[in-house]
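There are 2 protein chains.
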Amino acid sequence: MRTVTKDNITDVFMSYMSGDTNPRMREVMGSLVKHLHDFARETNLTHEEWRTGIAFLEGCAAIESEDRHEFVLASDVLGLSSLVDMLHSSEDATSSSVLGPFHVSGAPALAFGGDMKRHFGGPVLLAEGTIKDTDGNPIAGAELDIWQTAPNGLYASQDEEQDTFSFHGLMTVGEDGKYAFTTVKPVEYTVPSDGPVGDILRACGRHPWRPSHLHFIVKAPGYRSLVTEVFPKDDPYLDHDTVFGVRGDLVMEYIEREASEFPDGLELSGQVSDPFLSVKFDIILAPE
Amino acid sequence: MRTVTKDNITDVFMSYMSGDTNPRMREVMGSLVKHLHDFARETNLTHEEWRTGIAFLEGCAAIESEDRHEFVLASDVLGLSSLVDMLHSSEDATSSSVLGPFHVSGAPALAFGGDMKRHFGGPVLLAEGTIKDTDGNPIAGAELDIWQTAPNGLYASQDEEQDTFSFHGLMTVGEDGKYAFTTVKPVEYTVPSDGPVGDILRACGRHPWRPSHLHFIVKAPGYRSLVTEVFPKDDPYLDHDTVFGVRGDLVMEYIEREASEFPDGLELSGQVSDPFLSVKFDIILAPE
C-alpha cells in the first residue's frame with residue numbers, strides 16, 4: 002500500500018499475510034494487531050508514551066533470568082494469566098488458578114500423609130482431600146504436584162536458605178483418590194516489585210500482595226490437567242489479589258483442632274502442635 | 002473481588018487503580034488492558050499460545066543490546082511505530098515516517114553541498130530541497146540530521162567495515178532554507194530477520210524488505226520536529242514496506258542527469274559520475 006494511513010494500516014497489515022498462513026496464526030495475529038492499533042488510536046498514543054512502553058519491555062529484558070520471569074509477572078498483574086486460566090476452566094470442575102513463576106519441576110515423591118513442614122516452626126497444617134471426577138467418583142492414581150512458600154513468604158527458588166525442593170512434593174493418590182500431607186500454614190506475600198512491573202503497580206496505586214495459598218497441579222490419565230490454588234477464608238487479601246487468582250470455590254476454612262484429633266498413620270517430623278490447623282480441599286477434574 | 006470471572010476481570014483491574022492515579026495513566030493502562038483482555042477473550046487464547054507469546058518476549062530479551070533493538074523492530078513490523086507517527090503527523094506538513102533502530106546521534110557537521118559518498122562506488126546522487134513552513138516560506142537555520150545505508154544495504158551501526166558516522170551528517174540550512182548534499186543511491190534492504198521478529202514474519206508469510214530511502218530528522222525553533230524518509234518512485238517494495246513507512250508525499254523521482262548539468266559550488270570527494278542522479282525533496286514543518 003503506497004499510502005498507509007492511520008485508518009487503513011490494520012487492513013494493510015492483514016493484506017501482508019500470505020494466503021497460506023496458518024488460519025489460527027491469521028486469527029490470533031489479526032486480533033492482536035487490531036487491538037494494538039485500536040489501543041493506539043483510542044488513546045492517541047504519543048511518541049513519548051510509545052518510548053515508555055519500549056523502555057518497559059527493555060527493562061523487563063534486562064532482569065529476565067532463570068529465577069526472574071518479569072514478562073510472566075507482567076501478564077499476571079495485568080490479569081492476562083488469570084483470564085487465560087478462566088477461559089479454559091471447565092464449569093463442572095474445580096477452578097484453575099495462576100501457575101505463577103515459582104514452580105520447580107521434578108519434586109521428590111511425598112507419600113500419603115507425608116510431611117513438608119520438617120524443621121520449620123509454627124503450628125502444623127494438615128491438608129487433605131479427595132481427587133474426584135465430575136460425577137463425584139474418586140480418581141485412582143491421580144498425581145498432585147504441591148508447592149508453597151516457607152513461613153518467611155519466600156519460595157525455595159527465591160531463598161538461598163532453603164533446599165531446591167523445600168515445600169515441594171509430588172503425591173500419587175491410591176484407589177480412594179485421597180491425599181493428605183502436613184505442612185505449615187502459607188503466608189500472604191508480595192510479588193517481586195523491585196523491577197518494571199513494580200513501577201506499574203506503583204504508578205497505578207496498587208499493592209503487590211497475594212493472599213496466602215497452597216499450589217497444586219493435578220494430573221490423571223483421561224482428565225484435563227488442573228493448575229490451582231487453595232486460599233484460607235480469613236486472608237486479608239482475598240478481595241484484591243494482585244494477580245487476580247481468587248475464585249469462590251478455592252476459598253476454604255482452616256479449622257483449629259486439638260492435637261488429640263490428629264489422625265493416626267500420618268508421617269510427621271516432629272510433634273503435632275496443639276492446636277493444629279486442618280483444611281479440606283476436594284479437587285474435581287474434568288474429562289479430557 | 003473474591004470471585005474474579007472472565008467477564009468481570011477487566012472491571013476488577015480498573016477497580017484496583019487508586020483514586021489518585023494520574024488520569025492519563027488510568028486512560029492508557031485502562032485501554033491497554035481492555036484490549037489485551039478482549040484479544041484473549043475473542044481468540045479464546047490457549048495456555049500454549051500464551052506460552053508462545055511469553056517465549057517471544059523472552060526471545061527478544063535474549064538478543065536485546067545497544068546494537069539490536071528487537072522490541073522496536075517488533076513494533077515496526079506490527080505497524081505500531083508507523084501508526085504512532087501518523088497519529089501525530091500534521092496534515093499541512095510533510096508526513097512523518099519511522100525513525101527505525103539505526104539512527105546514531107552526534108553526527109559530524111555536513112556543509113551545504115557536502116559529500117557523504119566519499120570512496121564508495123556507483124553513481125553520485127545529488128539530494129536537494131528547501132525546508133519550508135506551511136505557508137511556503139523558507140525556515141532559516143533549520144537543522145537536518147541525515148542518515149542512510151551504504152551500498153551494501155547496511156547502516157554504519159550494523160557494519161564493521163564502516164566508520165561510526167559513515168553515511169550520517171548534520172546540516173544547518175541558511176536564510177534560503179535550502180539543503181543539498183551528494184551521496185550514493187540508497188538500496189532496499191531487509192530488517193534483521195534472524196531473531197523472534199523474523200519468526201513472526203515467516204509465520205505470516207511476510208518478507209523482511211524495506212524500500213530504499215534516505216532518513217531525515219528536521220528541527221527548527223518554533224516548529225514541530227519531523228522524522229521522515231524519502232523513497233524513490235521506482236522502488237519495487239513501495240507497496241509492501243515491511244514496516245509500513247511509505248506515504249504518498251514521501252515518494253520522489255530520482256532523475257538521471259548528464260554530468261554537465263551538475264551545479265557548481267558543491268563539495269565532492271571524486272568526479273561527478275555521468276550520468277548522475279538527482280532527487281528534489283522539499284520538507285514542510287508544522288508550527289509547534
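If you read the sequences in order, they're chains A and B. All letters in the first sequence, in the order written, are residues 2 to 289 by the numbering used here. All letters in the second sequence, in the order written, are residues 2 to 289 by the numbering used here. Where a beta carbon is used, it is the ideal one built from N, C-alpha and C, also for glycine.
> Considering only C-alpha positions, which residue in the set A:GLU49, A:SER66, A:VAL125 is nearest to PRO102 (chain A)?
Replying inline: A:SER66
>> Cutting at 8 Å between CB atoms, please list the residues of its own chain near ASP164 (chain B), excluding the five before and the five after it.
In response: ALA157
>> With a threshold of 6 Å on Cβ separation, who are the neighbours of LYS220 (chain B) within its own chain once the five nearest residues in sequence on each side are excluded?
In response: GLU144, SER226
> In terms of residue numbering, what span does the alpha helix (DSSP H) encompassing ASP283 (chain B) cover?
Replying inline: Element bounds for ASP283 (chain B): n/a, residue is neither H nor E.
>> I need the straight-line Cα distance from ALA128 (chain A) to LYS7 (chain A), nearest angstrom please.
In response: 57 Å
> How many whole angstroms separate the CB atoms of MET117 (chain B) and PHE168 (chain B), which I take to be in contact at a CB cut-off of 8 Å?
Replying inline: 6 Å
>> So within the segment 3-40 of chain A, which uninterrupted alpha helix (DSSP H) runs reach at least 4 residues, ignoring any that extend past its ends?
In response: 10-17
>> Applying the 10 Å Cβ sphere with the 16-neighbour rule, what's the burial state of GLN149 (chain B)?
In response: buried
> Is it a yes or a no for the segment 243-257 of chain A touching the segment 76-86 of chain A, going by three-plus beta-carbon pairs under 8 Å?
Replying inline: yes
> Under 9 Å Cβ-Cβ, which residues of chain D neighbour TRP210 (chain B)?
Replying inline: Checking the listed chains, one finds no chain D in this structure; the protein chains it contains are A and B.
>> Strictly below 7 Å CB to CB, what residues from chain A border HIS48 (chain B)?
In response: VAL85, HIS89
> Residue range of the alpha helix (DSSP H) that ILE64 (chain A) falls in?
Replying inline: 48-64
> Leaving out five residues before and five after PRO288 (chain B) in sequence, what residues of the same chain have Cβ atoms less than 8 Å from its Cβ?
Replying inline: ASP134, THR135, GLY223, TYR224, ARG225
> If the cut is a Cβ gap below 9 Å, which residues of chain A does ARG69 (chain B) touch?
Replying inline: Chain A residues near ARG69 (chain B): none, gap ~11 Å exceeds 9 Å.
>> Quick check: THR173 (chain A) and GLY142 (chain A), are their CB atoms within less than 8 Å of each other?
In response: yes
>> Quick check: what's the CA-CA separation for ILE147 (chain B) versus THR11 (chain B)?
In response: 45 Å
> For ARG211 (chain B), which of helix, strand or coil comes out of DSSP?
Replying inline: strand
>> Output needed for ILE64 (chain A): all residues of its chain with C-beta closer than 6 Å, excluding positions within five of it in sequence on either side, in chain order.
In response: GLU71, GLY196
> What's the C-alpha gap between ILE285 (chain A) and ILE132 (chain A)?
Replying inline: 6 Å
>> If we define contact as Cβ-Cβ less than 8 Å, is ALA287 (chain A) a contact residue for chain B?
In response: no
> THR44 (chain B) touches chain A at which residues, Cβ-Cβ below 7 Å?
Replying inline: GLU28, VAL29, SER32
>> Strictly below 7 Å CB to CB, what residues from chain B border GLU59 (chain A)?
In response: GLU65, PHE72
> How would you label ALA75 (chain A), buried or exposed, when you count the other beta carbons within 10 angstroms and need 16 or more for buried?
Replying inline: buried
> Just how far apart, CA to CA, sit ARG258 (chain A) and SER274 (chain A)?
Replying inline: 10 Å
> Can you list, in chain order, the residues of the segment 115-138 of chain A whose Cβ is nearer than 7 Å to any Cβ on chain B?
Replying inline: none
> Among A:ALA62, A:GLY130, A:PRO233, A:VAL188, which residue has its Cα nearest to the Cα of LYS179 (chain A)?
Replying inline: A:GLY130
> Given that a residue counts as buried once 16 or more other Cβ atoms are within 10 Å of its Cβ, and exposed if not, what is ASP236 (chain A)?
Replying inline: buried
> Does DSSP put ARG225 (chain B) in a helix, a strand or coil?
Replying inline: coil
> If VAL73 (chain A) sits next to LEU126 (chain A), beta carbons under 8 Å apart, how far is it from one beta carbon to the other, in whole angstroms?
Replying inline: Not really, about 28 Å apart at Cβ, beyond 8 Å.
>> With a threshold of 6 Å on Cβ separation, who are the neighbours of SER279 (chain B) within its own chain once the five nearest residues in sequence on each side are excluded?
In response: LEU127, ILE256, ARG258
> Does the beta carbon of PHE40 (chain A) sit closer than 8 Å to a beta carbon anywhere in chain B?
Replying inline: yes
> Taking all protein chains shown into account, do 16 or more other C-beta atoms lie within 10 angstroms of the C-beta of GLU230 (chain B), making it buried, or fewer, making it exposed?
Replying inline: buried
>> For ARG119 (chain B) and PRO109 (chain B), I'd like the C-alpha separation in whole angstroms.
In response: 14 Å
>> On a Cα-Cα basis, can you pick out the residue from B:GLY199, B:ALA62, B:SER270 that is closest to PRO124 (chain B)?
In response: B:SER270
> Taking the continuous alpha helix (DSSP H) assigned at MET87 (chain A), which residues delimit it?
Replying inline: 81-88
>> Tell me the rounded alpha-carbon separation between PRO187 (chain B) and ASN9 (chain A).
In response: 28 Å
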